[in-house]
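Here's the structure we're looking at; comments come further down.
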Amino acid sequence: MPSRACFLLVVLCSLGVLGQTPRQKKIYHGEEIHFQTKGKDACTMRISNQGEIHLRLECRNQGRASWCEYSGKPGLCGAFVSNPTLYWSQVVLGLRRLSEPCLAAPVLKPAVCQGAGPEAQLKQEASSLKSAHLSSQQSEASRPSKLSPRSEGPLHKDSQEAQMGKRSTRKVGKAKPTAPPPAKPTQQGQHTRKEEEAMRMAKEYCWEPLHKICSYIIGIFLG
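In mature numbering (1 follows the signal peptide of the UniProt record, and there is no 0), the protein residues as written are -19 to -1, 1 to 204.
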């Protein structure tokens, strides 16, 4: 009897152990996960859990370093609560497929929590690559735009042609007035000259008392 009782006890304990579900590995505060990306970046993911999950990602490749930080509440997703290891495995798998994770992944949305709300997603709050990208864009925008010599050429020629056209119109508009033709002597002037000529001839060839008569007669002959 004692042997049977011991055997049954061993069997029951074995069945109890087999019936238990394996415990999932928990992510502790400050734990680091190392992986390599598609672009050969050696990255380290550091997780901190203080009510809200904070994730810092640091990557290095041939002396070039970059970092970015995420925050969110994946605890609102039931799949994260039931299996956090699967959640973080999908996060790492998604980051490994990217060449520059900090620049190409503004939001971390693993497949197990796709149906969760936006608060459950890990959103990027800061990134060294993003700040450097914005500063380069601002520096390019602040540079004054310079026209190339080729682009200035046609405009300069057009302005010169317009100025020459204005000068030519000014010259045409300020043409010197032509001198009017000399006025023809009127009939009255011709008649006066004839009378003077007739009187001159009368004074020259007639006696003084007969000057008027002679000038009259001479005027008739002069026509």
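The C-beta atom is built at its ideal place from N, Cα and C for all residues, glycine as well. Being a predicted model, the structure only gives us computed values, none of them experimental.
By the Cβ-count criterion, Ile201 is exposed, with fewer than 16 other Cβ atoms from all chains shown falling within 10 Å of its own Cβ. Cys49: member of the beta strand (DSSP E) spanning 45 to 53, first to last residue.
Here DSSP, grouped into helix, strand and coil, assigns Gln17 to strand. When DSSP states are grouped into helix, strand and coil, Ser108 belongs to the strand group. By alpha-carbon distance to Ala101, the top candidate from Ala107, Gly59, Lys54, Ala85 is Lys54. The C-beta separation of Asn42 from Gly59 comes to about 37 Å, leaving the pair out of contact by the 8 Å criterion.
Rounded to whole angstroms, the separation of the alpha carbons of Gly98 and Gly75 is 19 Å. Going by DSSP, Ala23 is part of no alpha helix (DSSP H) but of the beta strand (DSSP E) stretching over 23 to 31. Counted as a single uninterrupted DSSP element, the alpha helix (DSSP H) harbouring Arg77 occupies residues 65 to 77.
Listed in chain order, the non-local C-beta contacts of Gly56 below 7 Å within the same chain comprise Val62, local neighbours out to five positions each way being set aside.
Taking every protein chain shown into account, the CB of Val88 has fewer than 16 other CB atoms within 10 angstroms, so this residue is exposed. Linking Leu84 to Cys94 through their CA atoms gives a straight-line distance of about 22 Å. In terms of Cβ geometry, Pro91 and Cys24 do not form a close pair [threshold 9 Å]. Counting the other Cβ atoms within 10 Å of the Cβ of Trp188 gives fewer than 16, which makes it exposed.
Lys111 and His35 have their C-alpha atoms roughly 19 Å apart.
In the structure shown, Cys83 falls within a helical segment according to DSSP collapsed to helix, strand and coil. A Cβ-Cβ distance of about 5 Å is found for the pair Tyr51 and Gln105, placing them in contact under the 8 Å criterion.
Annotation for Leu191: no alpha helix (DSSP H) segment contains it, and DSSP assigns it neither H nor E. Closest by C-alpha distance to Ala107, out of Leu203, Gly96, Glu39, is Glu39. Between the alpha carbons of Ala183 and Pro190 lies a gap of roughly 10 Å.
When only Cα atoms are considered, Asp22 and Gly32 end up about 30 Å apart.
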